[in-house]
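As structure tokens, the structure follows; a few thoughts come after it.
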Amino acid sequence: MSPSGTEPGDFVEFDYDLIQAERRQHIRDVLNEVRPKLEKETGVKLKITNDGNDLVLSSDDQVRFRAALSPDGRLVITDVKLSNRL
Numbered sequence: 001m002s003p004s005g006t007e008p009g010d011f012v013e014f015d016y017d018l019i020q021a022e023r024r025q026h027i028r029d030v031l032n033e034v035r036p037k038l039e040k041e042t043g044v045k046l047k048i049t050n051d052g053n054d055l056v057l058s059s060d061d062q063v064r065f066r067a068a069l070s071p072d073g074r075l076v077i078t079d080v081k082l083s084n085r086l
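Read in this note's numbering, the sequence shown has 10 at position 10, and its numbers run on one by one without any break.
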């Protein structure tokens with residue numbers, strides 16, 4: 001990301017909330033793509049919900065898969081057991 005139309009010494013302000021919202025939407029798009037495959041594999045209908053900074057795929061309010069961005073920007077989807085252990 002680089003600012004345009006600035007000159008040396010200019011203070012550039014980035015909208016962190018907008019950046020996070022764009023990332024969350026990208027994660028949601030990816031989850032919508034993989035959800036049918038996971039539903040077929042698990043035999044359970046899954047829905048996407050927010051959980052803090054993460055998005056989760058859950059069934060009957062039980063978290064099944066948690067999606068988050070790793071520090072290097074990769075999407076990590078983790079299977080979470082019913083006991084909340086990985």
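Each residue gets a CB set at the ideal place from its N, CA and C atoms; glycine is no exception.
For the options Arg23, Gly52, Leu57, Val80, the alpha carbon positioned closest to that of Glu39 is the one of Leu57. Per the C-alpha coordinates, the member of Gly9, Phe14, His26, Phe11 positioned closest to Leu69 is His26. Residue state for Asn50 is assigned as strand, using DSSP reduced to three classes. Looking only at Tyr16, Phe14, Pro8, Asp29, the smallest Cα-Cα distance to Leu75 is reached by Asp29. For Val34, the uninterrupted alpha helix (DSSP H) segment begins and ends at 16–42. Take the alpha-carbon of Thr78 and the one of Asp17: they are about 25 Å apart. Closest in alpha carbon position to Arg24, among Asp15, Glu7, Asn32, Asp54, is Asp54. Within the same chain, and ignoring the five residues on either side of Leu31 in sequence, the residues whose Cβ sits closer than 7 Å to its Cβ are Ile48, Leu55, Leu57, Ala67.
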